[in-house]
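Input: a single structure, listed below in structure tokens.
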Amino acid sequence: MKPGPAGAGLALVAGLWLPGWSLAIGPEDSPLIDAAASRAGIEVDLRLGGRVRGDFQAMEGRIDRLEDERLQVSVRLDARSLVLDGPAWMGRSMRSPKFLDVEAHRWIHFRSEPFAPELVRKGGTLAGTVELRGVARPVAFQVAPSACENPGYDCDIPVAGQVSRRDFGMEAYRVWLRDEVGFDFHVRLRQP
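Take a look at the structure:
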């Protein structure tokens with residue numbers, strides 16, 4: 001499955017650091033993800049063809065500036081807020097204890113490894129850890145090169161990647177669903 005445009009949002013916040021910010025933001029300040037202007041999505045490919053896409057209606061996150069000037073992103077998606085574009089049975093299946101298990105595991109959390117601020121402008125790999133269904137695994141998301149001068153403020157920061165659902169204990173529905181689950185984000189930032 002190819003990553004979608006940019007919608008699920010876990011690593012997106014990373015691209016929001018601007019070169020001039022070091023003068024404007026103190027060490028205790030951390031930009032927040034603008035949840036109203038950002039988008040986080042999920043995609044699952046069906047074995048018989050087709051793709052089911054959904055969007056998380058609730059997300060939160062921030063970028064922390066570390067002492068060595070690198071950045072670190074933390075993003076949480078409310079799994080209960082997932083709205084799918086597919087049939088109703090697929091929505092029930094995705095939320096069920098056999099897949100996302102949204103009642104027992106409300107939050108999907110991504111925390112990046114520290115990264116250089118230029119990743120947001122130039123694009124590249126954003127490594128980190130996803131916690132899904134209470135299981136934490138290392139992941140690598142791709143940040144697309146910036147389309148504007150002030151990424152996160154004047155344009156989205158697109159981030160996308162895939163995880164193996166089996167790595168997170170989601171082994172049901174193998175007859176209908178492929179293993180890869182795609183996450184994509186369009187991130188916008190705001191000051192606290």
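Heads up: the sequence shown begins at 1 in my numbering, then just goes up one per residue.
By construction, the Cβ of each residue, glycine as well, lies at the ideal position given by its N, Cα and C atoms.
From a predicted model like this one, the values you see are computed outputs, not experimental measurements.
Proximity of T125 and Q142 at Cβ, strictly below 8 angstroms: Against a cut-off of 8 angstroms, the Cβ pair of Q142 and T125 comes out as a contact.
Three or more C-beta pairs under 8 angstroms: does that hold for the segment 31–51 against the segment 164–180? yes
Going by DSSP, which residues form a beta bridge with A127? A140
Span separating the alpha-carbon of R95 from that of P114: 32 angstroms
When burial is assigned at 16 or more other CB atoms within 10 Å of the CB, is L132 buried or exposed? buried
Looking only at DSSP bridge pairs, what is P151 linked to? C155
With DSSP as the reference, please indicate the residues paired to S74 in a beta bridge. R62, R111
Below 8 angstroms on the Cβ atoms is my contact criterion, and I expect P31 with Q162 to pass it. Report the Cβ-Cβ distance as a whole number of Å. Between Q162 and P31 the Cβ distance is about 26 angstroms, and since that is not below 8 angstroms, they are no contact.
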